[in-house]
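Heads up: the sequence shown begins at 155 in this note's numbering, then just goes up one per residue.
No residue lacks a Cβ here, since even glycine has one placed at the ideal position from N, Cα and C.
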Amino acid sequence: MTTDPPVLSLRGITHSFGAVRALIDVDLDVHAREVVAVVGDNGAGKSTLVAVMAGALVPDAGEVVVDGQEVRLSSPGLARQLGIATVFQDLALCEDLDVVENLFLGQELRRGVLLDEVGMEHEAWNLLGKLAARVPSLRAATSTLSGGQRQAVAIARALLGEPRVLVLDEPTAALGVTQTAEVLTLIERVRDRGYGVVLVSQNMADVQAVADRVVVLRRGRLNGEFDAETARYEDIIAAVTGASPPRGAGGGSS
């Protein structure tokens with residue numbers, strides 16, 4: 155496990171929707187070159203935590219620290235500026251636009267008043283090449299791509315601007331076996347290129363395949379943190395279901 159300071163830290167994050175307490179005093183550290191999986195049952199608070207990291211939701215209490223400095227993530231744009239990129243489960247791709255148009259939507263390259271189509275195609279190939287991601291054509295409509303290819307385009311778009319942390323919300327949901335394997339390989343490549351990755355997932359097989367650490371949320375609270383290499387599957391599931399008391403960092407080793 156890395157000893158470098160975290161690039162992103164959440165401290166005491168708490169948020170309620172009316173009488174419903176979605177997050178209660180949650181801590182989370184994300185380091186460069188690691189995949190931190192956040193797991194939990196439905197209603198555990200995972201989506202709320204994603205929204206906080208994405209800047210889409212300002213928590214009621216707690217601190218967000220980026221590279222040692224406390225910040226207020228008051229919008230997704232500010233989160234991006236601070237180096238936190240999020241790919242939501244719906245991917246937010248425009249079906250009728252091609253790969254290049256989706257990658258650069260809202261951040262198009264220009265030469266004077268004209269779009270720099272050649273420059274954008276070159277950068278698109280460069281981005282997808284770094285991820286070893288394959289698409290049939292940069293000018294193929296997104297609607298014609300497979301689920302795995304669509305996820306690759308969404309991840310590549312998130313990496314524009316070289317963020318420090320990539321947050322992935324259920325990236326393999328509704329994908330087949332082959333496409334899931336492609337996306338998990340993408341996640342490993344993103345980590346190996348120096349990014350911190352937060353993988354939010356309910357699929358324990360995916361988590362065990364790529365995670366370095368596993369953080370468990372249960373009913374809005376942190377209910378365990380495990381070293382993925384040494385943790386037992388049964389211990390993580392017990393933390394998810396509440397069958398065991400909360401475990402501290404490094405818990406679950408045999």
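Residue pairing by DSSP puts His169 in a beta bridge opposite Leu177.
Residues of the same chain with a CB within less than 8 Å of the CB of Gly348, apart from the 5 flanking positions on each side, are Ala186 and Arg187 in chain order.
With the rule of 3 Cβ pairs closer than 8 Å, the segment 233-251 does not count as touching the segment 267-275. Contact holds between the segment 366-377 and the segment 195-202, because three or more Cβ pairs, one in each stretch, are under 8 Å apart.
When rounded, the separation of the alpha-carbon atoms in Leu162 and Ala359 is 26 Å.
In terms of CA proximity to Ala312, Gly237 leads the group Ala210, Gly216, Gly237 and Gly266. For Asn256, the enclosing alpha helix (DSSP H) covers residues Val253 to Leu257. DSSP places Leu245 in the coil class of the three-state scheme, outside both helix and strand. The criterion of a C-beta distance shorter than 9 Å is not satisfied by Val319 and Glu342. Rounded to the nearest angstrom, the Cβ distance from Leu353 to Leu322 is 5 Å, consistent with a contact under 8 Å. Listed in chain order, the non-local C-beta contacts of Val212 below 8 Å within the same chain comprise Val206, Arg226, Leu227 and Ser228, local neighbours out to five positions each way being set aside. If you check the CB distance, Gln333 and Gly302 come in under 9 Å. When the five nearest sequence neighbours on each side are left out, the beta carbons in the same chain lying within less than 6 Å of the beta carbon of Ala239 are those of Ala312, Pro317 and Leu320, in order along the chain.
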